[in-house]
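Here is the structure we will look at.
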Amino acid sequence: MRSSLARFVELRRGLPLVAAGLLLVALALPMWRITLTAPQYPGQALVVDLYAYPRLGGDYAEVHSLNRYVGFYYPDPVYVDPNFPVHEASIRTLEWLLGPVAFVAVAAAGVFVAVAPTERKLKLGLTGQLVGTVVTFAGMFAIIQYRLYQAGHSLDPNAPLTGVDGFTPPILGSYEIANISGFAWFGPGGYLTILAVALLGAAFFARNSTATFGDVARRIEGAATGAVDRFRNRPQRGSDR
């Protein structure tokens, strides 16, 4: 039993487990955060947090009031009642319901890879998981960007403010529509997801090594000790005078 558990201190087995835990925690946190400013709210920035499932946080009610003037509405997940208002002209985003499925599937894959019974299966698993994870999240990004394009080019013609040209809000970055300025970036869950993918990449590059977390800690400790020794032994100015 001890030798079996000892395998998980290897980076190539332990890192996928850590990544799996991060992905599950990320589900409970906002993945994406949009900050908006508008003349209607002078000196105040409105923040909307978006999760991997149909849920919004922050000032989504106030932002909805702004968006409806130009006919831009929150997406409709169709099969569930979200905590935010939807409009009959909202675009339908059934795939939003599958966000948690993707995260749990990637996390479960990390567990299966970590317990791979043979060296060959472990290496194949690490390769497959990294490729599958990158493809999964890249696909999610592409779908979200398409939905943003769709929403920005399907403005309600019956909105109070007419004559607004279609636009494409970016997943990451700044944009403007009428007199509203927005900036979109990762939320806490997004950063955890990036870290999880980075750990899976590290596990893949360590697939041919039996290095452990303890080995890494000792290397860091050795490097830190060496740096301190070099600092202490550096020549002092004026010491030869």
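Each residue of the sequence shown is one higher than the one before, counting from 48 in this note's numbering. All C-beta atoms, glycine included, are put in the ideal place defined by N, C-alpha and C. Quick caveat, the model's predicted, so the values are computed rather than measured.
Spatial neighbours of residue i in its chain, beta-carbon cut-off 6 angstroms, leaving aside the 5 residues before and after
i: P129; result: P101
i: W143; result: P101 and P124
i: Q197; result: I138
i: G213; result: G199 and H200
Per-residue burial, residue i [other beta carbons within 10 Å of its own, 16 or more giving buried]
i: L69; result: buried
i: V244; result: buried
i: R59; result: buried
i: G261; result: exposed
i: G175; result: exposed
Three-way DSSP call (helix, strand, coil) for residue i in this model
i: E166; result: helix
i: G90; result: coil
i: T272; result: helix
i: T140; result: coil
i: D123; result: strand
i: T82; result: strand
i: L52; result: helix
i: I190; result: helix
i: D262; result: helix
i: I218; result: coil
i: E109; result: helix
Reference residue i, options the options, closest by Cα
i: G229; options: A245, A264 and V94; result: V94
i: A189; options: P217, R167, A206 and P132; result: P217
i: T84; options: R277, I267 and N226; result: N226
i: L97; options: Y121, A155 and G220; result: Y121
i: G210; options: G118, A250, A264 and G269; result: G118
i: Q192; options: A270, A108 and T140; result: T140
i: F233; options: V56, I81, L71 and F55; result: I81
i: A136; options: L103, V127, N114 and A154; result: N114
i: V111; options: A99, V127, F131 and V148; result: Reading off the sequence, residue 111 comes out as His, not Val. H111 has its Cα closest to that of F131, out of A99, V127, F131 and V148.
Residues near residue i in its chain [Cβ-Cβ closer than 7 angstroms; skip 5 each side]
i: G237; result: M78 and W79
i: N255; result: none
Contacting residues, own chain, Cβ-Cβ under 8 angstroms from residue i (five flanking each side not counted)
i: Y116; result: A206, P207, L208 and A225
*Please confirm if the region 197-208 is in contact with the region 163-172, defined as three or more CB-CB distances below 8 angstroms between the two stretches.*
no
*Hey, is the region 82-89 in contact with the region 174-182, meaning 3+ C-beta pairs nearer than 8 angstroms?*
no
*Do the region 56-71 and the region 153-167 meet, that is, are 3 or more Cβ pairs less than 8 angstroms apart?*
yes
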